[in-house]
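Every letter in the sequence shown is one number past the one before it in the working numbering, and letter 9, counting from 1, is 13.
Scroll down for the structure; my scribbles are underneath it.
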Amino acid sequence: MPADCQPQGNDLLIRIRGHFDFSLRPQLQAAAAAEVTGRVRLDLGAVTYLDACALTLIRQLADRLNARGLGLAIHNASGDSLRLLRAADLQGLIAD
Numbered sequence: 005m006p007a008d009c010q011p012q013g014n015d016l017l018i019r020i021r022g023h024f025d026f027s028l029r030p031q032l033q034a035a036a037a038a039e040v041t042g043r044v045r046l047d048l049g050a051v052t053y054l055d056a057c058a059l060t061l062i063r064q065l066a067d068r069l070n071a072r073g074l075g076l077a078i079h080n081a082s083g084d085s086l087r088l089l090r091a092a093d094l095q096g097l098i099a100d
């Protein structure tokens with residue numbers, strides 16, 4: 005499965021592997037609805053492809069979490085993924 009969601013205490017870790025595109029929408033929607041009281045961390049370290057739909061999904065996830073008083077932090081973004089996140093004005097979500 006290209007997205008793996010793991011509770012970690014009050015937080016939720018979402019690890020994406022391979023292609024990050026619209027096909028992950030159901031998993032990210034479920035993560036946004038999860039019973040989390042802390043931060044949601046999105047690990048992009050194993051992403052090999054990220055498209056405009058993925059950027060929209062990230063923004064939607066951040067918005068849904070913010071509406072609940074929660075935050076989203078992106079970890080391990082590099083290369084093209086990092087450049088695309090910055091170009092989409094999502095750099096405020098990048099934790100490292």
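Note that beta-carbon positions come from the ideal geometry of N, C-alpha and C, so glycine has one too.
Put simply, of Pro30, Val40, Asp25, Pro6 the residue whose alpha carbon is nearest the alpha carbon of Asp15 is Val40.
If you compare the alpha carbons of Gly83, Ser82, Asp67, Cys9 with that of Leu76, the shortest gap goes to Asp67.
Per the C-alpha coordinates, the member of Val51, Leu28, Ala7, Ala36 positioned closest to Leu65 is Ala36. Between the alpha carbons of Ala58 and Asp25 lies a gap of roughly 5 Å.
Assigned with DSSP and collapsed to three states, Leu97 falls in helix.
In the structure shown, Pro6 adopts coil according to DSSP, grouped into three states.
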